[in-house]
Structure formats: structure tokens, C-alpha cells
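In what follows, a single structure is set out as C-alpha cells and then discussed.
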Amino acid sequence: MSFKGSPVQVSHLIGEHFQRAIVLGFGRPLLLWLLQVKPSSGYELMSEIERLTGVMIGPGLIYPFLRMLERGDYVAGRWIEKAGRRVKYYSITKKGEALLENVKALFKLPIREVLLDLLD
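Counting from 1 along the sequence shown, just add 11 to a position and that's the residue number in this note's numbering.
Structure, rendered in C-alpha cells:
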């Protein structure tokens, strides 16, 4: 892959790709965490992820993540009627809560120090 443009533009592009890769890497745990806070639609989840991270995640990414989590019984989807349209709301299951607790435990290990240092 080659980038065209000034070094500043290229650096900015690489930074955006890196930031997006990090958000995508944490996508499933982030979805579980958001659904632990409150049941949400895919659109609401996309909006909240963008608000929290500054990275826009489109439907082509969010819905495959949600389907994978639903197939694994980590989240449950329920269709509701909202303003005359059907909207699917997702909520975390007990299995999803257990997985999220395991992910949280991972961040209590030394990796936490690395992540905290990156935030400084």
C-alpha cells in the first residue's frame, strides 16, 4: 500500500488507520460494555462509539460484530416497533457478562500499565 500526499497528510492518515485499528480490536468488548450500560440499537451503538472514540464505525462493521455476538449467545436481539418502524435492540446476556468480566480481568494484568502509559 502506498500513500500519496505530503508527509503531514500521510502521518495523519497512518494515525487515523492506527486509531481505527485499535477501536476495531476492542470492538466486541466495547459493544458488550455499552450493552451492559443499557440495551441499544445498532445505530445507537455506532453513535456512542463515535462519541467515545472519535472513530466512525459504519453498519458494515457494527452489524457483523453484533451478529457474531448474538450467534455466540453473548447478546440477545429483540425487534421493537419504534416510530412506525421495526428496530432491533440488543442486550447483553449472562454469557456476555461473563465474557466481559474475563476481558476486564485481563486488563488488571501488567498490560494495564502499558495502556495507562499510552494514555499519558
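Positions of the beta carbon are idealized from the N, C-alpha and C atoms, including for glycine. Keep in mind it's a predicted model, so treat the numbers as computed, not measured.
For this session: List the endpoints of the continuous beta strand (DSSP E) containing lysine 99.
Result: That run of the beta strand (DSSP E) goes 96 to 103.
For this session: Give the single residue among Tyr54, Gly83, Gly65 and Ala87 whose Cα lies nearest to the Cα of isoleucine 73.
Result: Residue Tyr54 is the option with its Cα nearest to isoleucine 73.
Problem set entry | Per DSSP, the bridge partner or partners of glutamate 92 | Its beta-bridge partners are Arg97.
Exercise. Looking only at DSSP bridge pairs, what is serine 52 linked to?
Worked result: Note: serine 52 sits in a beta bridge opposite Tyr100.
For this session: Just the C-alpha distance for lysine 106 and glycine 69, rounded to the nearest angstrom, thanks.
Result: For the pair lysine 106 and glycine 69, the Cα-to-Cα distance works out to about 26 Å.
For this session: Starting from valine 114, follow its DSSP beta bridges and name the residues at the other end.
Result: Beta-bridge pairing links valine 114 to no other residue.
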